[in-house]
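Peer 1:
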Amino acid sequence: MEMINKLEKSQQKNWNDFCQSIEENIDQDSFEKYIAVKDILLSFGVRDTVINAIEKGCRHQDWKEAIIAFSNSYHDDVCFYAGPMTPNERLDYKNGLILLKKSDLSQPINDKIHKNMSSIGLRLFGSPCDFGGRRVELYNVISSAGSMVQKTPPIALFTPFYLKGWKELGDQNLQRRTILFHSAVKDRFLTKTYPKAKQRFKMDDKIFDLDEIDNDQLNEAIALWLLLHEMMHASGPLPLFGAKVQKLPLGKLYGAIEEARVDMSVWTILHHCEDILGKSAQTAKYIILMERLFRSSLLGSNLQGKPVGAEGEHGLFWVNLLLGQNVGSLDTEGNVSLRADDIQRSLMTFLGEVYESESSATDNDKDEGRQILEDLSSRLRERYLSDKNINFHMNENWIQRIAQA
């Protein structure tokens, strides 16, 4: 918000008027209000090709040039988009606005990961890692309006798919950007996750105390986790994109398994690569565990005939894997104590089965490969998400206790 607050009062009024008009509709009125903020956007550092393309979109309701211009602005410190967009794939396209400023950590952490991806791969897979050239960016949200303002703030923008009109583009992959909102994830951790996990969670008999973590280290740990997470989607024996056997068409059946594969792989990387990734790797390990045990699991805690999203099921995989294999202790007050080496062994049990099945899927044709993934999903869901799990009800009671904390 600092950039907005530095504007003169008349400019702030113009900006607020435009944001309000976006929330209502993109019509002649909002077009005129957009004209009034073009100089403001230029002063922020938004490139003129983006500004002009969005102006054309507002005028003619044709967004192809705007999408292409936004996609080509991935080197810019400040990015801006206004038009029909969605905060996630489950919601319809509605008029929205987003103004972003690149995080100072985006390039350094990207460079660190890519520089060490051979060592990372050797320690995780036994062979050099390949992230498929995936470009992942970290930005902080400066301003948002319309569809980009939600009760649960969005934490990412996957383009061109979140921008209406992308299906009309020729080569959609050329317009692909993965933009993660570092500030939104940090705020979510500080306001939603940490208050529930504080004093309830220990790893190796140590409580994660924010008072002992400086802000720079916290920022770097979150950045390291986010970037590794997205890059891991493009790695492994069966990457999410471009593989012969496709995971995405499996939808909800495989979504939580893919998220668990990625985050558990990231935790393993952090556990074995602290010497090359730095001390923030240890902090990131705590953050992942707290996010999954004390936030994600709450989103998937009602499995009795009600559908839950991939993130909620993902959290339940962690809960029922770690708390169901004597990895640590869970007392009657809901306090959890885990040991890092035991966590690692437990995660490798899960990952070993996933990677073995995904490797097998790549050795078969599409139909046979898809069946292997469906069979894997059935096994893992039966084992970890079914009430047949011997610890399911105990863990469900713990989750409900945490939710009420």
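Numbering-wise, the sequence shown is residues 9 to 413 according to our numbering. Beta carbons: idealized from backbone N, C-alpha and C, even for Gly.
How far does the beta strand (DSSP E) with Met211 in it reach, from first residue to last?
Peer 2: Here residue 211 is taken as the residue at index 203 of the sequence shown, counted from 1. Residues 209–211.
Peer 1: By the DSSP assignment, the beta strand (DSSP E) with Thr199 in it spans what residues?
Peer 2: Indexing the sequence shown from 1 puts residue 199 at position 191. That residue, Thr199, is in no beta strand (DSSP E); it is neither H nor E in DSSP.
Peer 1: Helix, strand or coil for Val362? Go by DSSP, reduced to three states.
Peer 2: Here the question's residue 362 lines up with position 354 in the sequence shown. The answer is helix: DSSP assigns Val362 an H, G or I state.
Peer 1: So what does Gly91 bridge to, in DSSP terms?
Peer 2: For the purposes of this step, residue 91 is taken as residue 83 along the sequence shown, with counting starting at 1. Answer is Gly104, bridged to Gly91.
Peer 1: For Asp6, which residues from the same chain have a beta carbon less than 7 Å from its beta carbon, with the 5 sequence-adjacent residues on both sides left out?
Peer 2: Not covered by the structure: residue 6. The range shown for the chain is 9 to 413.
Peer 1: Within the chosen definition, does the region 64–77 reach the region 116–135 through at least 3 CB pairs nearer than 8 Å?
Peer 2: no
Peer 1: Looking only at its own chain, which residues have a Cβ that is under 7 Å from the Cβ of Phe3, when we skip the five neighbours before and after it?
Peer 2: Lying before the first or after the last residue shown, residue 3 is absent from the chain, which here runs from 9 to 413.
Peer 1: Of the choices Leu307, Glu361, Val54, Arg347, whose alpha-carbon is the least far from that of Leu388?
Peer 2: Here residue 388 corresponds to residue number 380 of the sequence shown, with the count starting at 1. Taking only the C-alpha atoms, the option nearest Leu388 is Glu361.
Peer 1: Taking Phe52 as the reference, which of Lys14, Ser79, Ile43 has the closest Cα?
Peer 2: Residue 52 sits at position 44 when you count from the first residue of the sequence shown. For Phe52, the nearest C-alpha among the options comes from Lys14.
Peer 1: In chain order, what residues of the same chain lie with their CB nearer than 7 Å to the CB of Asp85, ignoring the 5 residues before and after it?
Peer 2: The residue you call residue 85 lines up with position 77 of the sequence shown. Hits under 7 Å: Gly53, Lys109, Lys110.
Peer 1: By how many angstroms is the C-alpha of Gly342 removed from the C-alpha of Cys281?
Peer 2: The residue given as residue 281 occupies position 273 in the sequence shown. The residue given as residue 342 occupies position 334 in the sequence shown. Here the alpha carbons of Gly342 and Cys281 stand approximately 31 Å from one another.
Peer 1: Are Ala164 and Phe189 closer than 9 Å when you measure CB to CB?
Peer 2: The residue you call residue 164 lines up with position 156 of the sequence shown. The residue you call residue 189 lines up with position 181 of the sequence shown. The Cβ-Cβ distance between Ala164 and Phe189 falls below 9 Å.
Peer 1: Ordered along the chain, which non-local residues of its own chain (more than five positions away) have a Cβ less than 7 Å from that of Ser354?
Peer 2: For the purposes of this step, residue 354 is identified with residue 346 of the sequence shown, where counting begins at 1. The answer, listed in chain order, is Leu329, Leu330, Gln333, Val335.
Peer 1: Starting from Val149, follow its DSSP beta bridges and name the residues at the other end.
Peer 2: If you number the sequence shown from 1, residue 149 lands on position 141. Paired residue(s): Leu108.
Peer 1: At the level of alpha carbons, what is the spacing between Glu40 and Glu10?
Peer 2: As a working note, residue 40 is residue 32 in the sequence shown. As a working note, residue 10 is residue 2 in the sequence shown. Rounded to the nearest angstrom, the two C-alpha atoms are 25 Å apart.
Peer 1: Exposed or buried, which one is Ala264 when buried takes at least 16 other CB atoms within 10 Å?
Peer 2: The sequence position of residue 264 within the sequence shown is 256, counting from 1. Around the Cβ of Ala264, a 10 Å sphere holds 16 or more other Cβ atoms; the residue is buried.
Peer 1: Using a Cβ-Cβ cutoff of less than 8 Å, which residues in the same chain neighbour Thr127 once the five nearest sequence positions on both sides are dropped?
Peer 2: Counting from 1 along the sequence shown, the entry for residue 127 is found at position 119. For the record, residue 127 in the displayed sequence is Ser; it is not Thr. The beta carbon of Ser127 lies closer than 8 Å to those of Cys281, Ile284 in the same chain, with the five residues before and after it left out.
Peer 1: DSSP three-state label for Leu311, please.
Peer 2: Position 303 of the sequence shown, counted from the start, is the residue given in the question as residue 311. Bear in mind that the predicted position of Leu311 carries a pLDDT of just 48, short of 50, making it unreliable; the figure below should be weighed with that in mind. Three-state result, Leu311: coil.
Peer 1: Under 6 Å Cβ to Cβ from Gly104, same chain only, skipping five residues before and after it: list those, please.
Peer 2: The sequence position of residue 104 within the sequence shown is 96, counting from 1. Hits under 6 Å: Met93, Gly154, Ser155, Met156.
Peer 1: Short of 7 Å in beta carbon distance, which residues of its chain neighbour Leu232, apart from the five on each side in sequence? Order them along the chain.
Peer 2: Taking the first residue of the sequence shown as position 1, residue 232 is located at position 224. Closer than 7 Å at the Cβ level, and outside the excluded window around Leu232, lie Ile117, Leu285, Ser288, Ala289, Ala292.
Peer 1: For Gln412, count neighbouring C-beta atoms within 10 Å of its own C-beta (all shown protein chains included) and say buried if the count is 16 or more, exposed if not.
Peer 2: Position 404 of the sequence shown, counting from 1, holds the residue named residue 412. Exposed: under 16 other Cβ atoms inside 10 Å.
Peer 1: Which whole-angstrom value is the C-beta distance of Arg143 and Pro168, which I expect to be below 8 Å?
Peer 2: Locating residue 143 in the sequence shown gives position 135, counting from the first residue. Locating residue 168 in the sequence shown gives position 160, counting from the first residue. About 13 Å separates the two Cβ atoms, so there is no contact after all.
Peer 1: Does the beta-carbon of His83 have 16 or more other beta-carbons within 10 angstroms, so that it is buried, or is it exposed?
Peer 2: Taking the first residue of the sequence shown as position 1, residue 83 is located at position 75. Counting Cβ neighbours within 10 Å, His83 comes out exposed, since fewer than 16 surround it.
Peer 1: Quick one, are the C-beta atoms of Leu235 and Leu324 less than 9 Å apart?
Peer 2: For the purposes of this step, residue 235 is identified with residue 227 of the sequence shown, where counting begins at 1. For the purposes of this step, residue 324 is identified with residue 316 of the sequence shown, where counting begins at 1. The answer is no: Cβ separation not under 9 Å.
Peer 1: Between the alpha carbons of Asn24 and Thr186, how many angstroms are there, rounded?
Peer 2: As a position in the sequence shown, residue 24 is number 16, starting the count at 1. As a position in the sequence shown, residue 186 is number 178, starting the count at 1. Computed Cα separation, rounded: 28 Å.
Peer 1: Verify whether the separation of the beta carbon atoms of Lys252 and Gly91 is less than 9 Å.
Peer 2: Translated into positions along the sequence shown, residue 252 becomes position 244. Translated into positions along the sequence shown, residue 91 becomes position 83. Not a contact, by the Cβ cut-off of 9 Å.
Peer 1: So Pro162 and Ala192 are in contact, right, with Cβ under 8 Å, and what is the actual spacing, rounded?
Peer 2: Within the sequence shown, numbered from 1, the residue matching residue 162 stands at position 154. Within the sequence shown, numbered from 1, the residue matching residue 192 stands at position 184. At roughly 7 Å, the Cβ-Cβ gap stays under 8 Å, so Pro162 and Ala192 are in contact.
Peer 1: Looking at C-alpha atoms only, which residue of Leu381, Met356, Asp112 is the closest neighbour of Ser367?
Peer 2: The residue you call residue 367 lines up with position 359 of the sequence shown. With distances taken between Cα atoms, Ser367 lies closest to Leu381.
Peer 1: If you compare alpha carbons, which of Leu218, Met211, Lys210, Gln379 is closest to Thr199?
Peer 2: The count along the sequence shown starts at 1 and reaches residue 199 at position 191. Minimum Cα distance to Thr199 is reached at Leu218.
Peer 1: Please confirm whether Phe166 and Ser345 have their CB atoms less than 9 Å apart.
Peer 2: One-based indexing of the sequence shown puts residue 166 at position 158. One-based indexing of the sequence shown puts residue 345 at position 337. Result no, Cβ atoms of Phe166 and Ser345 do not sit closer than 9 Å.
Peer 1: Comparing C-alpha positions only, which one of Ile106, Glu176, Lys123 sits nearest to Asn148?
Peer 2: Counting from 1 along the sequence shown, the entry for residue 148 is found at position 140. Residue Ile106 is the option with its Cα nearest to Asn148.
Peer 1: How far does the beta strand (DSSP E) with Val344 in it extend, from its first residue to its last?
Peer 2: Taking the first residue of the sequence shown as position 1, residue 344 is located at position 336. Its beta strand (DSSP E) spans residues 344–346.
Peer 1: Quick one: give me the first and last residue of the alpha helix (DSSP H) that Arg378 is part of.
Peer 2: The residue labelled residue 378 in the question sits at position 370 within the sequence shown. It spans 374–388 - the alpha helix (DSSP H) in which Arg378 sits, taken as one unbroken run.
Peer 1: Where does Arg185 sit, in a helix, a strand or coil, going by DSSP?
Peer 2: Taking the sequence shown and counting its residues from 1, the one referred to as residue 185 is at position 177. It is a strand residue.
Peer 1: Would you call the CB atoms of Leu338 and Gly320 closer than 9 Å?
Peer 2: Indexing the sequence shown from 1 puts residue 338 at position 330. Indexing the sequence shown from 1 puts residue 320 at position 312. No. Outside cutoff.
Peer 1: Of all the options Leu50, Arg67, Tyr294, which has the alpha carbon lying nearest to the alpha carbon of Ile221?
Peer 2: Against the sequence shown, residue 221 aligns to sequence position 213. Measuring from the Cα of Ile221, the nearest candidate turns out to be Tyr294.
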